[in-house]
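For reference, the structure discussed in these notes is given below.
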Amino acid sequence: MGKGFRAAKDGGIMAASAAKEKKVKIIASACGSGVNFVLGITKVLCGVYTNSIAIISDGVNNFGDVFSSAGAAVGFSLEGKKRSNFPSGLGRTEYAAELLMAVIIIAVGAVFAWQASDRFFYHPVVTFSWVQFGIIAATAAVKAGMAAGYAAVYRGYPSGVIKALVIDSILDACITLFTLAGLFLARYISFPADAAVGLAVSIIMIVQGIKLLFDAMYKLLGGRDERREKGLERLALDQKGVKGVRIRLYDCGAKRAEAYMRLDFEEWAGQEEILAAEETIKAVAEKYGIFVTYARIEEEI
Numbered sequence: 001m002g003k004g005f006r007a008a009k010d011g012g013i014m015a016a017s018a019a020k021e022k023k024v025k026i027i028a029s030a031c032g033s034g035v036n037f038v039l040g041i042t043k044v045l046c047g048v049y050t051n052s053i054a055i056i057s058d059g060v061n062n063f064g065d066v067f068s069s070a071g072a073a074v075g076f077s078l079e080g081k082k083r084s085n086f087p088s089g090l091g092r093t094e095y096a097a098e099l100l101m102a103v104i105i106i107a108v109g110a111v112f113a114w115q116a117s118d119r120f121f122y123h124p125v126v127t128f129s130w131v132q133f134g135i136i137a138a139t140a141a142v143k144a145g146m147a148a149g150y151a152a153v154y155r156g157y158p159s160g161v162i163k164a165l166v167i168d169s170i171l172d173a174c175i176t177l178f179t180l181a182g183l184f185l186a187r188y189i190s191f192p193a194d195a196a197v198g199l200a201v202s203i204i205m206i207v208q209g210i211k212l213l214f215d216a217m218y219k220l221l222g223g224r225d226e227r228r229e230k231g232l233e234r235l236a237l238d239q240k241g242v243k244g245v246r247i248r249l250y251d252c253g254a255k256r257a258e259a260y261m262r263l264d265f266e267e268w269a270g271q272e273e274i275l276a277a278e279e280t281i282k283a284v285a286e287k288y289g290i291f292v293t294y295a296r297i298e299e300e301i
């Protein structure tokens, strides 16, 4: 009874911890989406005032971040949820959101690359204003603060999505600083620095979008999850009596996977060692969202 009570208590603690983690991630990504929306509007208005295509494209890049952060929030909210038609949960929704975001980012980047290139052939006047310069500089500081906030969340609750948001925020802050440099230089040189910076920002957006597109497609098409497979393999081979393992793992989202395993044991391993190894693997794997089923027949896994 004591053992059962402890197991129930541990399960309750794990459930509470998972709920807290989910809540923190949803709040962080949702707040990020809201802040990016405000930053995007601010930059677009400043870009229109100064007639700077670089600032406008930087602002539109923030609107892309609105969708990415919102998609992350949706993905976190759906993690672990099950429906009668989706017994493995809806965690893969996050990958579909990533695919949509990638298409939007690439399309927006291509449009602004064309507009920036067009400015090399005619040079519209860029109006410099210290007020707008200061506002854009402040948005770079906000992005740096967002990166620090995401990093704090990542330290407490490691997640590939949160890590991507950290990197994206740092990159966005750097892009904004380059945009400021282009706006400042436009006062002193005849070369269309604004167009050059705008083109560079657009290319960065397109490259980011292509990377995100391929990553999302790989996951949606059922690409091999090497990280979780290797971790499960190491766990199995660490068990007493296990000499080999075959794994077929199905990615059900960032927080859930289903694995079919067949363990090969040493000749001396008895029923006690076999049961102990299987129970340990299953229990540890479930802590990381991997639900294991053992194959009992001589079929290929």
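Residue numbers (the numbering used here): 1 to 301.
Note that CB positions come from ideal geometry on N, CA and C, so glycine has one too.
Remember, predicted model here, so these are calculated numbers, not experimental data.
Could you give the DSSP three-state label for residue i: helix, strand or coil?
i: Thr280; result: helix
i: Asp172; result: helix
i: Ala295; result: coil
i: Ala285; result: helix
i: Thr127; result: coil
i: Trp114; result: helix
i: Gln271; result: helix
i: Ile189; result: coil
i: Tyr122; result: coil
i: Gly241; result: coil
i: Arg92; result: coil
i: Tyr157; result: coil
i: Ser202; result: helix
i: Ser52; result: coil
i: Ala70; result: helix
Among all the DSSP beta bridges, which residues are the ones paired with residue i?
i: Arg262; result: Arg246
i: Ile290; result: Ala257
i: Asp225; result: Asp225 pairs with nothing; no bridge assigned.
i: Asp215; result: Per DSSP, none; premise fails for Asp215.
i: Asp251; result: Ala257
State the CB to CB distance for the pair residue i and residue j, rounded to an integer number of angstroms; the pair is presumed to be in contact (CB under 8 Å).
i: Ala193; j: Gly182; result: 5 Å
i: Ala73; j: Ser29; result: 4 Å
i: Gly40; j: Gly59; result: 5 Å
i: Arg228; j: Ala257; result: 6 Å
i: Leu249; j: Ala96; result: About 20 Å; that fails the 8 Å criterion.
i: Ser88; j: Leu199; result: Incorrect: roughly 44 Å between the Cβ atoms, too far for contact.
Can you tell me which of the options puts its alpha carbon nearest to the alpha carbon of residue i?
i: Met101; options: Ala70, Ala110 and Phe128; result: Ala70
i: Gly231; options: Ala186, Lys287 and Arg187; result: Lys287
i: Met261; options: Ala285, Trp268, Lys255 and Glu267; result: Ala285
i: Phe120; options: Ala110, Phe128 and Phe191; result: Phe191
i: Asp305; options: Ala259, Val197, Val207 and Ile203; result: With the chain covering only 1 through 301, there is no way to say anything about residue 305.
i: Gly64; options: Lys25, Arg227, Asp168 and Ala283; result: Asp168
i: Gln115; options: Ile53, Lys219, Tyr218 and Arg296; result: Ile53
i: Thr127; options: Gly47, Asn61 and Asp118; result: Gly47
i: Glu98; options: Ala216, Leu180 and Gly289; result: Ala216
i: Asn51; options: Val142, Asn36 and Arg187; result: Arg187
i: Ala152; options: Trp268, Phe178, Gln239 and Val166; result: Val166
i: Ala137; options: Leu263, Lys163 and Leu180; result: Leu180
i: Lys211; options: Ile105, Glu21, Lys20 and Thr139; result: Ile105
i: Trp130; options: Asn61, Gly145, Tyr49 and Asp118; result: Tyr49
i: Lys243; options: Cys252, Glu21, Phe133 and Glu267; result: Glu267
i: Lys163; options: Cys174, Met146 and Gln239; result: Met146
i: Ala61; options: Glu233, Asn36, Ala269 and Leu45; result: One detail in the question is off: residue 61 reads as Asn in this sequence, not Ala. Checking every option, the nearest Cα to that of Asn61 belongs to Asn36.
i: Thr139; options: Asp172, Ala107, Val108 and Ser68; result: Asp172
i: Ile56; options: Phe67, Val66, Ser68 and Thr42; result: Thr42
i: Lys143; options: Lys25, Ile170 and Leu235; result: Ile170
i: Gly241; options: Lys22, Glu278 and Phe67; result: Glu278
i: Val245; options: Leu90, Phe112, Phe86 and Asp264; result: Asp264
- [ ] Mind listing, in chain order, the continuous alpha helix (DSSP H) runs of no fewer than 4 residues lying wholly within the segment 16-50?
- [x] The segment 16-50 contains no complete alpha helix (DSSP H) run of 4 or more residues.
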